[in-house]
Structure formats: C-alpha cells, structure tokens
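Colleague: Below you'll find the structure I mean.
6 protein chains.
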Amino acid sequence: MRPSGRATDELRQITLTRKFTKHAAGSVLIAMGDTKVLCTASIDNRTPPWLKGTGSGWVTAEYGMLPGATHSRAKRESAIGKQSGRTQEIQRLIGRSLRAAIDLDALGERTITVDCDVLQADGGTRTAAITGAYVALVDAMQVLQKQRKIKRNPIHGQVAAISVGIVAGQSVLDLDYAEDSSAETDMNVVMNEAGGFIEIQGTAEGHAFRDNELQEMLALARHGISQLVEAQNACLQD
Amino acid sequence: MRPSGRATDELRQITLTRKFTKHAAGSVLIAMGDTKVLCTASIDNRTPPWLKGTGSGWVTAEYGMLPGATHSRAKRESAIGKQSGRTQEIQRLIGRSLRAAIDLDALGERTITVDCDVLQADGGTRTAAITGAYVALVDAMQVLQKQRKIKRNPIHGQVAAISVGIVAGQSVLDLDYAEDSSAETDMNVVMNEAGGFIEIQGTAEGHAFRDNELQEMLALARHGISQLVEAQNACLQD
Amino acid sequence: MRPSGRATDELRQITLTRKFTKHAAGSVLIAMGDTKVLCTASIDNRTPPWLKGTGSGWVTAEYGMLPGATHSRAKRESAIGKQSGRTQEIQRLIGRSLRAAIDLDALGERTITVDCDVLQADGGTRTAAITGAYVALVDAMQVLQKQRKIKRNPIHGQVAAISVGIVAGQSVLDLDYAEDSSAETDMNVVMNEAGGFIEIQGTAEGHAFRDNELQEMLALARHGISQLVEAQNACLQD
Amino acid sequence: MRPSGRATDELRQITLTRKFTKHAAGSVLIAMGDTKVLCTASIDNRTPPWLKGTGSGWVTAEYGMLPGATHSRAKRESAIGKQSGRTQEIQRLIGRSLRAAIDLDALGERTITVDCDVLQADGGTRTAAITGAYVALVDAMQVLQKQRKIKRNPIHGQVAAISVGIVAGQSVLDLDYAEDSSAETDMNVVMNEAGGFIEIQGTAEGHAFRDNELQEMLALARHGISQLVEAQNACLQD
Amino acid sequence: MRPSGRATDELRQITLTRKFTKHAAGSVLIAMGDTKVLCTASIDNRTPPWLKGTGSGWVTAEYGMLPGATHSRAKRESAIGKQSGRTQEIQRLIGRSLRAAIDLDALGERTITVDCDVLQADGGTRTAAITGAYVALVDAMQVLQKQRKIKRNPIHGQVAAISVGIVAGQSVLDLDYAEDSSAETDMNVVMNEAGGFIEIQGTAEGHAFRDNELQEMLALARHGISQLVEAQNACLQD
Amino acid sequence: MRPSGRATDELRQITLTRKFTKHAAGSVLIAMGDTKVLCTASIDNRTPPWLKGTGSGWVTAEYGMLPGATHSRAKRESAIGKQSGRTQEIQRLIGRSLRAAIDLDALGERTITVDCDVLQADGGTRTAAITGAYVALVDAMQVLQKQRKIKRNPIHGQVAAISVGIVAGQSVLDLDYAEDSSAETDMNVVMNEAGGFIEIQGTAEGHAFRDNELQEMLALARHGISQLVEAQNACLQD
C-alpha cells in the first residue's frame, strides 16, 4: 500500500495551466499532485557564441527551487553564490530533453530559455519540469510563428518524463516525496510520444537492482508517460 | 489620464491569497494588479550568531524575481553567482520594515525568513512584497503560538507599503510598470497602521522634486496604505 | 545636549581639500568632523555597453571603507570576495545623486567614475561622500574642458547631502557615530542648490516617526545643505 | 568497423597500476586505452557535519581534468572559479557508486575522499574513474585495517563501470573519444560484481533509442563489466 | 641622469606621519616621494584557528590600492570579486616581513592585522608599505602595553624595505614609477636594523642580471635601508 | 648530515620524460627525487586582448597540485572556488621565468600556456616546474616549426631553477620536504644557461640571513643549475 493510497501504476493528479503568467512567450504551471512547477519559455533573438553564423538556434533550461517550496526552507542559491551540483544536473537534463524535441536549424539563430521554478515540491520535480517545459516550448514556438519569424514549427517530437522506483520492494510509478526519500531505487525516464527513450537515469539507493526490476520500472514509466503525452496534447488543444 | 485609466489616488486591484503553498509556516500570494509576489515565512529554531544567548530572535527577508517574471527575461542571479545591488537593497528594506512590526524578544531565539519571490512583475514589487510579507509573518506567528513555542504574539504593529510618484507632472498612487518607467519621481513609503512612517525612499529620476510635491505624494501614500491595512485585516480575519 | 556639544541645527566642521592626490582628474578630501572621505573622479573615454553609439556618457560611483577606518576593524571586501549590500546601496545612491547634477549628453561618450573611500568614519560617510564627490566631479569636468574634449560644462546643478535624525526624542542635524548608533530615526537627504529634493531616505530604527517629526528633519536638512552648498562654492572658487 | 579496429563487444586495453604515488592511502593509475586517470584515496579522521556523533563515515569523490589532458586545452576550473556542471555531475556519480560498495557504519566516523584526476582523456573518463577508484578505496581500507583503526573491512561489494553506446547504428562497448563524439546514444553503466545495477545513465544524442537497443547496450555493458571486475581482482591480488 | 634628478644612491624624500587616523591602534602615513601608503595596525583578541590554545599570536597584512591612486584608474578588487595575484603576493610579503620582527609567543593569543592602503602610487608601494607598517606595528604594541595586556614588548627586531634595480644599465636605489616601468631588473629587499636579509626578490625584466650587478644592487639596498631605519627611529622617538 | 644522506651540494635524482601525455604540444614529466610534476605546453592561436594587432605573442603558466599529491590531502582549488595566493605566486613566477627564454615577437600572435601539475610533492615543486616547463616549451616550439607556423625558433635562452636554503645552520642544495619544513632560509633561484639571474626569491624563515650565507647559497644554486641545464639538453637531444 502506497502512502498516498495510489495503485503502483497510478500517476498523481496532473494539471497543466497555460498562460499562468503573462510576459513570457510560453508560461505553464504544471502540478503533479502537490508538486508544482512554473515553466516559462522566453525567446532571445541571439544565439550562444558557438552558434553565431551557423543559422542554427539553441534551447536551454534553468531550474530553481523557491526557498519556501520544501518541507524545511532551502537556502537561496543566489545568496550562496552558486548553483548546487543537483541544480546543474537537473537543468542540464531538462535542456537535453527539450532539444530532443526540436529542430534547432528550423528554430533559426535564436535562443529559447525555459525556466523551471518549483513553487512547491513533493517529489518528481525534475520530471514534472520536463513535462511542463515541453508545453511552454510549444507555446513559444506558436508565438514565433504568429510573429512570422519562423516559417514552420521546429517542434518535431514530443517529450514527457516520469519517475519510477522501487519502494518497499515494489516497483512504483510517480513517487511522491514520502516514497522518494525511502526508495531503494530511483529512476527518471524521459520518452518521446512514440515510446523511444530520450534519457534514462537510474540509481540504486540501497541494494543494486536486478534486470527484472529494471524491466518492471521501464514498463511503468512507459505506461505513465503515455498518459502524460495525452495530457499535454489535451492541454495544447484547448 | 493614467495608462490604466485609474484615478490619481486609486490603487490597483489587490488580492491576498493565504496558504498558497503548503510547506512554509506562512504563505501568501499578493497580487497588486498584474504584480504577483509569493511571500513565504519559514521558521528556523536558530538565531544568527550575534544573537546567541540573548534570548532575542530575528526576522529577515530575501527577495527574488523569477527570470520569466519580467517583460524581457532577466538573468537568474544564482547563475550569475551573486545578487544584484537592487536585490540586496530591496531585501534589506523588506527585512527592516518587518522588524518594525515585531517584538524580537518575544519571538525568542529563532529566525523567521520571509522569502518574497516575484512571479510576475508590473511595477511596485518591493512594496507589494512588504504588504504580503506582513500577512505571511502573522501566519507564521500563529503557527508558533499553536505549537505553544511562544506564549504571546510578538507582532506589535502592522506594516504595509505603497509606491507613489510624479508622472507627467502629476502625483499618482501605486505606479504600474508603464508609469514607473516614465516617472519623474519615484517614492516608496512604508507605514504602520497608525500612519507612522517606517521608511521613506524617494528618488528624483528627472528634475528635483519640490516640497509641495513631496507633501502631495505623502498624502497619496497615506491614503493608499490605509486601504492596504484594511485589506490585510480582512484577509487575516477569514 | 548632544554628545559633541553642538546645537541641534549645527553642522560639524567641514573641510574640503582639492587636489589631495595627483593622478585622478578630480581629487577631494572631505572632512565632516572626524569623518574623512577621499573622493577621486576618473575619466574613462569609453561608455558602458548600453550607451555605445548614443552620444551620451555616464557617471557612476564606487564606495569603500578602509578596514582601519572604523572603531573595530572591518573586513576587507576584496578579501571576502564581494561588496556588502550596504556598500552597494551607498554607491548606487552616490551615483544617482551625481547624475542629477550633470547633463549626460553634454558629457559625451565617456564614463566618469567617482571613487569615495572612507579613510576615517564617524557617521555620515555616505552624505559626506556625495558632498565631496560633487566637487571632484566639477574638477574632472574642468579637466575635460581644458583638454577641449567637451565644449561646454555639462554640470547643470549642484548637489550636496546631509544626514538628519531623531536622537533622544529630538530632531538633530548631521549625526556623528555616537548619535547615529542610538538614533530612533535616521534620514539622509540629498538636495540641489535650489533646495529641490534629489533623494530622501528615512528609516525608523525604533518607533515609527510622525509627520511633524518628518517636517522638522526636512527643515534641518535644508538648513544644513544650504551651508554645504556654500562650502562647495567657496572651495571651488579658490 | 570501429575507428580503433575493435570488435563491437571489445574493451580497450586496461591497466591498473597500484601505488602510483606515495602519499595517499590508495593510489591507482587506471588506463583504458589512451584514457588515463589517477585515482587517490585519502583518509580524513573527521566526518561531514551531518554525520557527527552517528558513528557512521562517508565516502565522497572529486573529479578533475588536467588542462592539457584533452585535444584542445581546457580551462582550469580553479582559475575560472567554479567547477562545471559536468564536473559536479561526474563526481556525484563516482561518489554514489563507491558508497554502494561500502558499509559506512563499519567505516566509522571518518571520510574517504577519492580524487579522480584525468591525466589524459580519450573517452570514458568517468567510468574509468569509477573502476580505478574502487581499487584505490580497497587499498585505503587495507591501510586502516593495518593501522587497526577498523576491525573489519567495510567493503561489502565491488563496483566497476563502462560506457556503451550506439555509433553508426550499431551498439558498441567502451567508446573512445572518436566514437563518443559521434555517438547517437551514450550510456554509462555501473554494476556490482554480481551484475546488479548501481547506476544507469543513458542519453539519446540523436534520435531516441528503442527498447531493443537498450537491451543490446545493457548486454554489452554486462559483458564488459565482468572483465573489469576480473581485472580489479587480479590487480588486488598482486 | 635619473628622471627625478636624484643620484643613483639617493632615496626620495621620506615622511612618516603617526596617528594619521584615530581608530586603529597604530596608524601611519608613509610618503616616499609621491608614493603614499596608509598603514593601520588593528588588534583582534582572537587568533587564527590553527593557533588556538598554543599561547601564540599572529601578525598578518592586507594590501590594497585605491582605484584613483594610479595614473589610470584601477578596477576595485571588491567589485571584481577577488584580489589579484599581485595583491596577494604583496600582502604575503608584508606579513612575512613583519613576523620577522616580532616574537609571536610574547604577543599572546591575538591577531594584529596591518592594512596597507595605497592612497597615491609612484613606484615602490610594497617596500614603502613594509617600512610604514613596522612603525604602525610598534605603535599597536605600545597600546597593548599601556592596556597591560602584554608584559613585555614582543618586537625583537626592526624591518624596513626598499626597491633597487637596473635602469638604463645603471644600478639605482628607490625606483619611482617612471624608472620602474622601464627597469631591466627590479629587486625588493627587506632587511633588519643589523643589515640581515629578511627577504630578497629580484626579477630580470629584460636580460638576465649578472652577479656583479646583484652585488651592486644589494649594496645600494643596504645603504638605503640604513637611512630608513633611522627615519623609523626618529619618528618613533617623537 | 642531510635526512636523505645527500652531500650539501648534491641534487636529487632528476628524470625528464618527454611526451608523457599525447595531446599537448609539449608534455614532460619531471621528477626531482619524489617530487613529480607534469608540464604540458599548449598552443592557442590567439593572444591576450592587450597584444592583439601587435604581432607579438604570450607565454603564461598555470600551476596546480593534485589533492592527493601531498602528505595530507589538500583541498581542491576548483572546489574552494579560487586559487590560493601561493598558487598564484608560483604560476606568476613560472610564467615570468619562461618569458625570459623566448622572443615573444618571433612567437607571433599566439599564446603558449604551460600547465604544471604536481602529481607528487616532496619539496621544490615550483623550481622543478620551471625546469620541466622549459623542456615542454621547447617541444611546443618544435611543433610550431614543423607546422611551418613560425620561421625560426623563438627560444633564445635556457632557464632552469633550483631551491637552496639554510637547514640546521648549513647551506644546502635542492631541499626536500623534510628539509624545507625546517629550513631557516628558503631561496629559489632561476638562472639561464650562462649563469645569469632570471629571478631570486629568498626568505628568512627564522633569523635573518647574512651576506656570506647569501653568497654560499647562490654558489650552490649556480652549481645545481648547471647540472639541470645539462639534463635538459641531454633530454632534448634524445
């Protein structure tokens, strides 16, 4: 029995709120249960130096956690003066995942920065961030198309992500904080809409996990991501 | 005529949403028109080093702006590696203002950190932060009282803040971004519920302002703050 | 009775020593009693990036305190690796005040940096810095005129600053350190030669201050600044 | 055909040189072909603050790349003033992997830091680091046992790591730099001596990878790691 | 002929002004011609961590250059966020030199920090700093003795320093900026009152210098330092 | 009797291994007894900004110490976030020494960075670094000549360095760590092949050293460096 009473293959309630704020080209609040992440996609008409003159653009992500988002207040990284290894690892993951969904040549020489800021944390913030960031990215592309700055939509795939893990000996989908902090294995899976893998990151927290456990977790992830892909599509068709 | 169509002495629509997030002891989303600031008050059972053994506590504030909160994306301060002078100036102002409302001896040896994070900016973020932070601070004190960690409420005053300024030769209340960016004088006023001054910060952006203009602006501020004090009280009585 | 024996509306002895050092275009040592600040104005024939090609120049200020300038040694900010919030707040204030006195278009595409370094501190360092920095800025403009790099003097106003406050229930002018550290209200006022306000920053350290106290303090400030303006003029006519 | 002429399931030449330097408790130079990493394990008789008084110890890793180790010189991170996201990601991975092999309670209140410094890079530095670091860690434990500071060997497992990937449409084992820079998928696998997974990190660089490709890569990794485990054992029995 | 018209073995005019500022225990303004350095010695009743409980104290130095002190304005190190290699090298040299003059056991568990801040630079700032810092250190010891915190004067030697060099093929004493910037060899010599060497740092800027040139420079340094030692004594006897 | 049993004028065993790593243009492992430093010289086809357009190039050095290289592990400077004063002092010394051996005009507009990383430390790392770096620099020049990027070899001198000191009252050559940590005087000497001085840095650690001690140490240094010059030449002729 999971702490939340969910079945092992059951996602938390997912809500995607578009246009949550008004200035950024894309702005999506994603809630996966009590995990709430604000994803804003901003357009900058410049590329990073290494792409200048190539005709190609760039998509990058930044991740942050509001100090009050967690059970006990986390120190503000701008006050500490640097981003933690965890923060950097997460934002690199989000950026790679989004770039798997977009044709950077078709984007043209501009940079899309997707900021993923956690307003409230209850486990799975990085995977929620990826799922929400995709929608914000799509919205930003529609802005560029409406402004006739790009001819065709550079989005060529869809990405969504979920966490899976082994808790109390059982493979489960979409761990909340209570599960995450006692998990024996924690795995984040990023997939496209066709079930292809964009990224797998699995870590044994306690004992090493066996091949059959890996396969179980991957099946759960596939199941969960197919629902997230639907939720993204439903939201984008509104 | 103001860009928003408001009268010169008219506040924007104010909304205070308590318990906007669930982990922090106090959590208030304040909206002043399109300016939206999330204020969370967290309790730490330690004091800064210089207060150890004094029996006295501390209230401090931190301020941040989500990168996507502004018209054009602002760089993330944790990525830059330091907080700007503006950020530090604002968070020092918020902290001083809150400390004017609380008896630090009655608080006891603990630290309350009020984080004010701007989700959407449209002028007046620092004054909105003060007005919202006061409510979050009151909520955090109620948590301490419910936990029987303090015997009496250390709050001994009420603080609220508003901006006033001179725009197109006219004194106006509660400037939005459009007014703020063209203001000849910009002034932030923090007052208590009795109309006493906690802080005045006025800056001539263009020509120097005269004494009669100062008096006009102070009258507008007094008028606005009395309404903010009422809004805080109404919200806290829910 | 004030600790120094001064009347409530009495300034400390003011001395302005021009050409205190020889390399900078303007170099003024200002002493307000035991507070001594060295203000040097340096000319750089480049503008900040955002002004390139506009024909306009920039005036900025930096503020520092020698470690041995205070009662107990202060840590060196270069060794800490960053400027404190207080330092940044002060140098932003000095810069804004000086820019109120100069026509940046007439300055042309160059940057004047006025460094205000406190050799000895006894309260009121930021206001002394502004008063001294104005004289150093004027001297730097004369250098540019002598070098025929500018056609007319871009200085179009005069700025001076003083602190006022409420100490032991009484409004007083030009607080020294002993008064400053026990003040109930501390206010810094920057004015031009015509008595117009450039900046007002007032903070209640203890109880909130009332409107009549504000008016008293402003009158004292006006009285003090008129003498500082005269002292600046006398010094510049030497 | 691979650039190196190796079969798809063929490791590069592996050499493990113990006692490569003399000061650290464990010091191993691992060469995987042209990739050369110096792994030194140092003992500190203190724990991190959060373990004080728990009786438990800690194992952590740091990773660095000599500036001259790569094809074109990389900037020195100490000169830049911070470790890159990549460096932090790698050293977190090495640390987690080593902690999977050791009983931290049996280690007692001390910290083992394993420094992995790349002298020469030709792909697969992070996995080589893990494989070499394990041997250095074992040597450090033997020092502690010889000094009778610990009663029993806290090592309870064995870890080794290898990269696998898809290059030119084919799954291959142990990518060198030429392959790594053109890989469509890059995956790092950390396993214990029983073939259990400690960590999987797979990234699609080009198109998403399918489940059958994942299974192929995992089989290659398992094959390679079994040989690395043997090499570690052979070296430790010398 | 030297630019200043001085003989090759002629020092610039030296002035030592004690009690230049009033807060620090020792405060000396040293002028060597146009080079002016303010040296303040501050007493802290704590030692660095590594000396706690040893009964021994510490003397350290910090060095800074006011931005306006040089021909063209130097960037403020606190704004840059770190001290340059040059600054650190100089302050390490000053600290070592002063520690050669004092019995740290007799000082007891306290730290003396001597801040050497260059108000105006014209070559030889580091050697002037050492010569002035010695006097400030002596004054600080007298304060400790007057406060009966130490029984005997811990100063057991006297240190002074001078630069020598080869300019236009000729060995010269006490280089000013014009000479320093064209010197073929630049050497700083720190000696005690008996002519023993505390530190020698010689650098060939152009061609390597020969042994006879070295001997010539050392003789000049010895000649100059004997005069500086006299100047220190004369000043301390006032 | 020295701890190592060496005569007072006896160098440790010196080994110079060229092409120790394969990517950098020059790569030399120098061992002076147990002190081992890897020196790699990398070519960058850009100059520092201040040399752009001058036709002249630059040679600079960076110095690092692997954390496990010393008796007790040293903290990693990239993790601390800055290079120590000692590190900066050493790399400035190495850079100056190398520039004394090369005609920067003949090098042309490119930068050679020589990285000196200490793999194992046993005293004299900075002087070993200089001696090894010279060989790496020569190798890099040969690469440029083979690539026909420069017409003639810009190396116009040869540099080598050694430490001398006074240990237990006796002048000795090439101090190891045991001697270095108890030395009364420590001196580093950099010379060219003709016995001219490039740099002298001597520090009295205990009592001041006398002129005759200085002369003894310089004679030892000259004796040692002549052997190092031969070792460099022998190695380069292989």
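Those sequence lines, one after another, are chains B, G, L, F, R and E.
Sequential numbering from 10 applies to the first sequence in our numbering.
Sequential numbering from 10 applies to the second sequence in our numbering.
Sequential numbering from 10 applies to the third sequence in our numbering.
Sequential numbering from 10 applies to the fourth sequence in our numbering.
Sequential numbering from 10 applies to the fifth sequence in our numbering.
Sequential numbering from 10 applies to the sixth sequence in our numbering.
Beta carbons: idealized from backbone N, C-alpha and C, even for Gly.
#1: Looking at the C-beta of G132 (chain E), does it have a partner C-beta in chain F at a distance below 8 Å?
#2: To the nearest angstrom, report how far apart I209 (chain G) and T79 (chain L) are at their CA atoms.
#3: Return yes when the Cβ of D220 (chain L) is within less than 8 Å of the Cβ of S13 (chain L), no when it is not.
#4: Going along chain G, which residues have a C-beta under 8 Å from G205 (chain L)?
#5: What are the start and end residues of each continuous alpha helix (DSSP H) run of 4 or more residues lying completely inside the segment 59-107 of chain R, in chain order?
#6: Just tell me which of B:I111, B:K158 and B:G132 has its CA closest to the CA of V144 (chain B).
#7: Let me know if N5 (chain G) comes out buried or exposed under the rule of 16 or more other beta-carbons within 10 Å of its beta-carbon.
#8: Helix, strand or coil: which one does DSSP assign to K28 (chain E)?
#9: Name the chain B residues that come within less than 9 Å of G94 (chain F), Cβ to Cβ?
#10: R55 (chain G) and T122 (chain B): beta carbons closer than 8 Å?
#11: Tell me the residue span of the alpha helix (DSSP H) that contains D189 (chain R).
#12: For L47 (chain F), decide whether its Cβ has a neighbour in chain B, counting only Cβ atoms nearer than 8 Å.
#13: Quick one: Cα of G141 (chain R) to Cα of I234 (chain R), how far?
#14: Suppose the cutoff is 7 Å on Cβ atoms and the five residues either side in sequence are ignored; what does the same chain contact list for L153 (chain F) look like?
#15: I need the DSSP call for D114 (chain R), collapsed to helix, strand or coil.
#16: DSSP three-state label for S51 (chain F), please.
#17: What first and last residue would you give for the alpha helix (DSSP H) that runs through T17 (chain F)?
#18: Can you list, in chain order, the residues of its chain whose CB lies under 7 Å from that of S106 (chain G), leaving out five sequence neighbours each side?
#19: Please confirm whether R82 (chain E) has its beta-carbon closer than 8 Å to some beta-carbon of chain F.
#20: I'd like the list of long-range same chain contacts for T17 (chain F), defined as Cβ closer than 8 Å, with 5 residues on each side in sequence excluded.
#21: How big is the Cα-Cα spacing for E98 (chain F) and Q97 (chain B)?
#22: When the Cα atoms are used, what is the spatial distance from D114 (chain R) to V46 (chain L)?
#23: Could you give the uninterrupted runs of the beta strand (DSSP E) lying entirely in the segment 107-183 of chain L, keeping only those of 3 residues or more?
#24: Just mark A130 (chain R) as buried or exposed, buried being the case when its beta carbon has 16 or more other beta carbons within 10 Å.
#25: Judging by CA-CA distance, which residue of E:R119, E:D126, E:I89 and E:T44 is the nearest neighbour of K61 (chain E)?
#26: Within the same chain, show all residues whose beta-carbon is closer than 8 Å to that of L20 (chain F), passing over the 5 residues directly before and after it, in chain order.
#27: Under a CB-based cut-off of 8 Å, is Q179 (chain F) close to chain B?
#28: Straight-line CA distance for A149 (chain R) to S93 (chain B)?
#29: In the DSSP assignment, the alpha helix (DSSP H) including M10 (chain L) goes from what residue to what residue?
#30: For E208 (chain G), go through chain L and note every residue whose CB falls closer than 9 Å to its CB, in chain order.
#31: Is the Cβ-Cβ distance between A192 (chain E) and E214 (chain E) less than 8 Å?
#32: Short of 6 Å in beta carbon distance, which residues of its chain neighbour T24 (chain E), apart from the five on each side in sequence? Order them along the chain.
#33: With DSSP as the reference, label G35 (chain G) as helix, strand or coil.
#34: Measuring only the C-alpha atoms, how far is T134 (chain R) from R101 (chain R)?
#35: Where do the N-terminal and C-terminal ends of the beta strand (DSSP E) with A213 (chain B) fall, by residue?
Modeller: This is what the structure gives:
#1: no
#2: 27 Å
#3: no
#4: A213, H216, A217, F218 and R219
#5: 86-89
#6: B:I111
#7: Beyond the ends of chain G as shown, which are 10 and 247, falls residue 5 (chain G); an answer cannot be given.
#8: coil
#9: Q92, G94, T96, Q97, E98, Q100 and R101
#10: no
#11: Y186 to D189
#12: no
#13: 13 Å
#14: I52 and I159
#15: helix
#16: strand
#17: Careful: T17 (chain F) lies outside any alpha helix (DSSP H) and carries neither H nor E.
#18: I139, V168, A170, V199, I207 and E208
#19: yes
#20: R11, Q179, S180, V181, L182 and L229
#21: 8 Å
#22: 38 Å
#23: 120-129, 168-176 and 179-182
#24: buried
#25: E:R119
#26: M41, I171, L182, D183, G233, Q236 and L237
#27: no
#28: 44 Å
#29: Taken as a continuous stretch (DSSP letters only), M10 (chain L) belongs to no alpha helix (DSSP H), as it is neither H nor E.
#30: Q210, G211, T212 and A213
#31: yes
#32: A40
#33: strand
#34: 14 Å
#35: F206 to A213
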